[in-house]
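> Counting in this note's numbering, the sequence shown runs from 39 upward without gaps.
C-beta atoms are modelled at their ideal positions from N, C-alpha and C, and glycine is treated no differently.
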Amino acid sequence: MDERSERPEAPAYERVQAFDWPEGADKIPIDRLVVTQSSVREPSLLPPMVEFVRGGGVFEGERGEKWGGLVVLVRFVDDGRTYVFDGHHRVVACWLGRPDRCLLRREVLLVDGQSFATNRSIVWERGLVYPYEVQSEVRLPEYFAYRARVFELQREEGTAAAEEYIRASKHLYATARRFERVHDLACMLVREHSLPIDLPSPL
């Protein structure tokens, strides 16, 4: 067999490189983060969020809580890369609104030491009922009805029935990955939703 036929195809998008976090760093370059959603739930929130950021707004404390609080980043031991797990609106707003395209460290909750195996598993005690392959798949922005149905099934018919539903329902919460970079997510949202936001010039 031709060895080349056994190699996985290279993704058709630009891959994000791992970020070696300097100790005590107070900024995180957004271009070194990997998105884990195909879009965001409410694109219309982005213009006021970008204005908040351009006016010096920081996503912490009472003012930050208005927009959802801290951004949750997960660093995987498998590839050393850092993924956005909660806060895609906030990360996109910072990429669009800050000249340096960075998150402030105090805006972030970092979860270290996660594994791909855990991410593709069902972990009931942590409420993780949307297993997917984070390298090749992303979550859909709207999966709350699916999640509610999972826990309803677990209560009414038991864990086995709920897990059978999960295995048959990935299309309700995940899809194939088309990009990794926040840059690509931001540009897609501005263009597809005709948002009144000027895209930044290349750094």
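1) Going by DSSP in three states, E194 sits in which element: helix, strand or coil?
2) Which residues in the same chain as P240 place their Cβ atom closer than 6 Å to its Cβ, once the five residues preceding and following it in sequence are excluded?
3) Would you be able to state if there are at least three C-beta pairs under 8 Å between the segment 59-75 and the segment 125-140?
4) Quick one: Cα of L84 to Cα of Q75, how far?
5) From V122 to S82, what distance separates their C-alpha atoms?
6) Looking only at its chain, what residues have a beta carbon closer than 8 Å to the beta carbon of T197, apart from the 5 residues adjacent to it on each side?
7) At the level of alpha carbons, what is the spacing between A200 and F189?
8) Nearest-angstrom Cα distance between Y211 and Y168?
9) Would you call V54 buried or exposed, if buried means 16 or more other Cβ atoms sit within 10 Å of its Cβ?
10) Check the DSSP bridge columns for R177 and list the partner residues they point to.
11) In the DSSP output, what is R113 paired with across the bridge?
12) Any heavy atom of the ligand GTP inside 7 Å of the beta-carbon of E145?
In terms of the structure at hand:
1) Against the sequence shown, residue 194 aligns to sequence position 156. Helix.
2) Residue numbering aside, residue 240 sits at position 202 when the sequence shown is read from its first letter. Cβ neighbours of P240 beyond the five flanking positions: none.
3) yes
4) Translated into the one-based positions of the sequence shown, residue 84 becomes position 46. Translated into the one-based positions of the sequence shown, residue 75 becomes position 37. If you take the alpha carbons of L84 and Q75, they lie about 16 Å apart.
5) One-based indexing of the sequence shown puts residue 122 at position 84. One-based indexing of the sequence shown puts residue 82 at position 44. If I take the Cα positions, the gap works out to 20 Å.
6) Counting from one through the sequence shown, the residue named residue 197 turns up at place 159. W162.
7) By one-based count along the sequence shown, residue 200 stands at place 162. By one-based count along the sequence shown, residue 189 stands at place 151. In a straight line, the C-alpha of A200 is about 7 Å away from that of F189.
8) Position 173 of the sequence shown holds residue 211. Position 130 of the sequence shown holds residue 168. Between Y211 and Y168, the C-alpha separation is close to 7 Å.
9) Counting from 1 along the sequence shown, the entry for residue 54 is found at position 16. That one is buried.
10) Working through the sequence shown from its first residue, we reach residue 177 at position 139. Looking at the DSSP output, R177 sits in a beta bridge with Q75, A212.
11) Indexing the sequence shown from 1 puts residue 113 at position 75. According to DSSP, which records beta bridges pairwise, R113 is partnered with T120, D150.
12) By its list of ligands, the structure shown contains no ligand whatsoever, and the ligand GTP lies outside what it can speak to.
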